[in-house]
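Novice:
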Ligand code: ZN
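Numbering (the numbering used here), first residue to last: 586 to 785.
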């Protein structure tokens, strides 16, 4: 397994616009090895997505996988609330997102580059992504719910955006405190626990 270190927030590489990859470059051994490193690093973390800037490489490359084993800690109601279903491993090169509709959904999400802290982030419920696969073949996928969230989170990384830029800042929690105070709560309950921002 080729696991590499995940860059943490504060590193300027997470704030750069990542460069697109040419089809010729994609076929190179260097990029094919990079993809394997990203896959192994994501699985080892474990996480459901990883963008190349998160391992210090400013290229438009993302890996995603949300296997059913990751869903075992959730009740069917929690999975339904997140619209979370298994997603097979796949690679996205130079992905472009299109929002489908205006519907926004709030959920807690975390980031391997933000010390796995959790925070409520509003995201589009439905998106479409156009990208190349690891062999340079174009594909299009429509995504709803959790998979749409993963796509938006990872494509943000390619644009120098980290989830803390979009979060409800009062809900930011360490992994331990997320479990302690927000675990099993609905989004409405979690926001009530976090409370309103005091007036200045
Ligand atoms: Zn992230």
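All C-beta atoms in this analysis are idealised placements derived from N, C-alpha and C, irrespective of residue type, glycine included.
Going by the C-beta, is residue 701 closer than 6 Å to any heavy atom of the ligand ZN?
Specialist: Not so, every heavy atom of the ligand ZN lies at least 6 Å from the Cβ.
Novice: Drop a sphere of 10 angstroms on the beta-carbon of residue 673, count the other beta-carbons inside from all chains shown, and report buried for 16 or more, exposed for fewer.
Specialist: By the 10 Å Cβ count, residue 673 comes out exposed.
Novice: In this structure, how does DSSP classify residue 592 when only helix, strand and coil are distinguished?
Specialist: Looking at residue 592 - three-state DSSP - the assignment turns out to be coil, as it is neither helix nor strand.
Novice: What do you reckon, is the C-beta of residue 698 under 6 Å from a heavy atom of the ligand ZN?
Specialist: At least one heavy atom of the ligand ZN is nearer than 6 Å to the Cβ of residue 698, so yes.
Novice: Classify residue 770 as helix, strand or coil using the three-state DSSP reduction.
Specialist: Three-state result, residue 770: coil.
Novice: At the level of alpha carbons, what is the spacing between residue 718 and residue 681?
Specialist: Distance between the alpha carbons of residue 718 and residue 681: 13 Å.
Novice: According to DSSP, simplified to helix, strand and coil, what is residue 692?
Specialist: Of the three classes helix, strand and coil, the one that applies to residue 692 here is strand, per DSSP.
Novice: Give me the Cα-Cα distance between residue 603 and residue 628, rounded to the nearest whole angstrom.
Specialist: When rounded, the distance between both Cα atoms is 23 Å.
Novice: Compare the C-alpha of residue 711 against each of 665, 595 and 686 and name the closest.
Specialist: Measuring from the Cα of residue 711, the nearest candidate turns out to be 686.
Novice: Please state if the CB of residue 594 and the CB of residue 740 are separated by a distance shorter than 7 Å.
Specialist: Taking 7 Å as the Cβ cut-off, residue 740 and residue 594 do not qualify as a contacting pair.
Novice: Out of 708, 616 and 598, which one is the CA nearest neighbour of residue 753?
Specialist: If we check each option's Cα against that of residue 753, 708 comes out closest.
Novice: Using CA atoms only, rank isn't needed, just tell me which of 722, 666, 733 and 657 is closest to residue 679.
Specialist: Nearest option by C-alpha distance: 722.
Novice: Going by DSSP in three states, residue 724 sits in which element: helix, strand or coil?
Specialist: The answer is strand: DSSP assigns residue 724 an E or B state.
Novice: Leaving out the 5 sequence neighbours to the left and right, which residues in its chain are closer than 6 Å to residue 760 when beta-carbon positions are compared?
Specialist: Cβ within range, chain order: 701.
Novice: Hey, quick one: how far does the beta strand (DSSP E) through residue 754 stretch, first residue to last?
Specialist: It spans 753 to 758 - the beta strand (DSSP E) in which residue 754 sits, taken as one unbroken run.
Novice: Could you please give me the residues that DSSP links to residue 634 through a beta bridge?
Specialist: BP columns for residue 634 point to 649.
Novice: If you check the beta carbons only, do residue 641 and residue 592 fall under 7 Å apart?
Specialist: Yes, they are a contact pair.
Novice: By DSSP, does residue 783 sit in helix, in strand, or in coil?
Specialist: If DSSP states are grouped into helix, strand and coil, residue 783 belongs with coil.
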